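Engineer: Sharing a structure, written as structure tokens. Questions coming.
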Amino acid sequence: MSSLPVAPMEFWYGEKTLLTWPTASVFSSRQGKYPVGSEEWVKATLEACADVARKDHVLLTSVGMHTWELAAWAAGETLGQVVLLVPLEEGLSVARAHPILQQYISDFGLTQSTVLVVPWFVKRGQSVKESWKQRDRWLLERAKRLLPISIRPGGSLETLIGEPEFEGKVERTWAVNHSPATKKWPTPPDPEAVEAKLGGDWPWLVHWTRSTPDPWPGEATHEFYSALVQSGRDYPRDAFATLTRIVTERRLRGTRWRMPMAQPLVSFTSLPPWEMVHRMTWRKRYARPAFEPYGVAVHRDALSQFGGRSVRYGAAEERVSLSALDRLFFQVQSDVGADWQGEQEWRIRGDLELPPQGSDQVKLLVPSESEAERLRTVSPFEVVSLL
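No gaps in the numbering here: position 272 of the sequence shown is 272 in this note's numbering, and each next residue is one more.
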């Protein structure tokens, strides 16, 4: 196995003496993408990290997976000391790298005087996941105590800690069975029933929300893990919670994910709900449905006034002749793969601020009347049940 391409020490940011202290690593195999606070591996991770902090040992951890990141957050909550291993694009200068590394400290709610951020280089275009095994080895080799939590039988971490060099370092005080939880997804409503209730003229554009395995746009990582730990049995960033946040913030936040030139945009569809539910199918690639039946509907005329535009679909060569602005509203449509054109997408740049006192130009969509009642307690907008 090739070694991890750790950046030279001049790139390291924070308290560089921490690697000379007694060190420990709290780690688990990959868990479900939507963990909740009641899961045994979550509770055991918190207990193990608290023990590391009590003994004034330095926690070695990383970013990129819930298991490593939860440990980083837990160390901060217990005022522990942390060495945080993070990926950094190869070719950056020290001057450009340090603000990025400092942002990790802030994002996890850590204290700069008790943290050392150590970057490893990732080549442009290379997936960070390709170096995860090397990352795991780097951390475990430097830890004096290895505290496995939930390890998959036969997995790479079980193989790694079974190597002779790690004998005598493993403590299984907090070990639990590896049994990743499976999230329950809402069943899309019957399209005929939705059409029977809402059918007819549909002058609305809908932004459909969904569960996110990561922090919401604009949310700090430490806020995300704090909510996760307190969540009990309900995932705190599901589609209903996301819709509730939009309502309470009065803002639809733009996202750069899969957007042209990585510009923040908000997507809508002009498809009516009874047609859209056909597209709420499972996406194996992302391990989640394409959409969930929770949405913000904005009247077409209102969105147009705020700069919303319908997306034009065409071949890749057409994009070259477009202006930078027009490229934001252009989608390459190939002969194979997903039928993007069928989504009848609209986009608006940046965030969309919603009227603070309510408006008849905005309505909210949820799948059931019980959820509609819950949302009406915080919403100044009309809330409509699809069924």
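Glycine included, each C-beta is placed from N, C-alpha and C at the ideal position. In this text the structure is predicted, and so the values were computed from the model without any measurement.
By the DSSP assignment, the alpha helix (DSSP H) with residue 348 in it spans what residues?
Structural biologist: Per DSSP, residue 348 belongs to no alpha helix (DSSP H); it is in the beta strand (DSSP E), 345-349.
Engineer: Could you have a look at residue 382 and say whether DSSP puts it in helix, strand or coil?
Structural biologist: In the structure shown, residue 382 sits in a strand (DSSP, three-state: E or B).
Engineer: Hey, how far is the Cα of residue 307 from the Cα of residue 286?
Structural biologist: Residue 307 and residue 286: Cα-Cα distance of roughly 30 Å.
Engineer: Are there 16 or more other CB atoms within 10 angstroms of the CB of residue 278, so buried, or fewer, so exposed?
Structural biologist: Answer is exposed; the Cβ neighbour count stays below 16.
Engineer: Between the beta-carbon of residue 76 and the beta-carbon of residue 116, is there less than 8 Å?
Structural biologist: No, the pair does not count as a contact, with Cβ atoms beyond the cut-off.
Engineer: How do the segment 153-169 and the segment 77-96 stand: do at least 3 beta-carbon pairs fall below 8 Å, yes or no?
Structural biologist: The segment 153-169 is not in contact with the segment 77-96.
Engineer: Is DSSP giving residue 8 helix, strand or coil here?
Structural biologist: Of the three classes helix, strand and coil, the one that applies to residue 8 here is coil, per DSSP.
Engineer: Could you name the residues of the same chain whose beta carbon sits closer than 6 Å to that of residue 372, not counting the 5 residues immediately before and after it, in chain order?
Structural biologist: Counting only Cβ-Cβ distances below 6 Å, and skipping sequence neighbours, we find 366, 383 and 385.
Engineer: Let's test the definition: count the other Cβ atoms within 10 Å of the Cβ of residue 231 and tell me whether it reaches 16, buried, or not, exposed.
Structural biologist: That one is buried.
Engineer: Kindly give me the distance between the Cβ atoms of residue 145 and residue 169, rounded to whole angstroms, as I take these residues to be in contact under 8 Å.
Structural biologist: Their Cβ separation, rounded to whole angstroms, is 6 Å, which keeps residue 145 and residue 169 in contact under 8 Å.
Engineer: Do residue 319 and residue 311 have their C-beta atoms within less than 8 Å of each other?
Structural biologist: Contact: no.
Engineer: Specify the secondary structure class of residue 84 as computed by DSSP and reduced to three states.
Structural biologist: Residue 84 falls in the strand class under three-state DSSP.
Engineer: By Cβ distance below 7 Å, which residues in the same chain neighbour residue 7 in space, the five residues on each side in sequence not counted?
Structural biologist: Correct list, in chain order: 88, 119, 120 and 121.
Engineer: Give the straight-line distance between the Cα atoms of residue 375 and residue 55, rounded to the nearest whole angstrom.
Structural biologist: Taking the straight line joining both Cα atoms gives about 46 Å.
Engineer: Which residue marks the beginning of the alpha helix (DSSP H) containing residue 160, and which one marks its end?
Structural biologist: Start and end: 156-161.
Engineer: Could you tell me the distance, in whole angstroms, from the CA atom of residue 63 to the CA atom of residue 249?
Structural biologist: So the alpha carbons of these two residues sit roughly 28 Å apart.
Engineer: Helix or strand or just coil, what does DSSP make of residue 298?
Structural biologist: Strand.
Engineer: Between 48, 92 and 97, which lies nearest to residue 80 when the distance is taken from Cα to Cα?
Structural biologist: For residue 80, the nearest C-alpha among the options comes from 48.
Engineer: If you drop the 5 nearest sequence neighbours on each side, which residues of the same chain put their C-beta closer than 6 Å to that of residue 254?
Structural biologist: Once the five neighbours on either side are set aside, the close Cβ partners of residue 254 are 264, 265, 266, 350 and 351.
Engineer: Just tell me which of 15, 321, 368 and 67 has its CA closest to the CA of residue 33.
Structural biologist: Per the Cα distances, 67.
Engineer: Return helix, strand or coil for residue 61, following the three-state DSSP convention.
Structural biologist: Strand at residue 61.
Engineer: Among the residues of its own chain, which have a CB less than 8 Å from the CB of residue 309, if the five just before and after it don't count?
Structural biologist: Cβ within range, chain order: 329, 346, 347 and 348.
Engineer: What three-state label does DSSP hand residue 89 in the structure shown?
Structural biologist: Reduced to three states, the DSSP call for residue 89 is strand.
Engineer: Would you mind sorting residue 135 into buried or exposed? The rule is 16 or more other CB atoms within 10 Å of its CB.
Structural biologist: Residue 135 is buried by the Cβ-count criterion.
Engineer: Please list the terminal residues of the continuous beta strand (DSSP E) segment that includes residue 262.
Structural biologist: From DSSP, residue 262 is part of no beta strand (DSSP E); its letter is neither H nor E.
Engineer: Starting from residue 240, follow the alpha helix (DSSP H) in both directions and report where the run begins and ends.
Structural biologist: Note, residue 240: alpha helix (DSSP H), 239-249.
Engineer: Start and end of the alpha helix (DSSP H) containing residue 140?
Structural biologist: Here the alpha helix (DSSP H) through residue 140 covers 132-142.
Engineer: Could you compute how far the alpha carbon of residue 9 sits from the alpha carbon of residue 160?
Structural biologist: Taking the straight line joining both Cα atoms gives about 26 Å.
Engineer: Going by DSSP, name the residue or residues bridged to residue 24.
Structural biologist: Answer by DSSP bridge pairing, in chain order: 59 and 145.
Engineer: Counting Cβ pairs closer than 8 Å, one from the segment 219-231 and one from the segment 295-303, do we hit at least three?
Structural biologist: The segment 219-231, when compared against the segment 295-303, does not touch it at the 8 Å Cβ threshold.
Engineer: Rounded to whole angstroms, what's the CA-CA distance from residue 322 to residue 343? Just pull it up for me.
Structural biologist: In a straight line, the C-alpha of residue 322 is about 22 Å away from that of residue 343.
Engineer: Between the C-alpha atoms of residue 174 and residue 96, what's the straight-line distance to the nearest angstrom?
Structural biologist: Cα-Cα distance, rounded: 40 Å.
Engineer: Quickly, what does DSSP pair residue 267 with across the bridge? List them, please.
Structural biologist: Beta-bridge pairing links residue 267 to 347.
Engineer: Report the rounded CA-to-CA distance for residue 222 versus residue 192, giving the unit in angstroms.
Structural biologist: Taking the straight line joining both Cα atoms gives about 43 Å.
Engineer: My guess is that residue 143 and residue 23 are in contact by the Cβ rule of under 8 Å, so how many angstroms apart are they, rounded?
Structural biologist: Correct: roughly 5 Å between the Cβ atoms.
Engineer: What's the C-alpha gap between residue 211 and residue 27?
Structural biologist: If I take the Cα positions, the gap works out to 25 Å.
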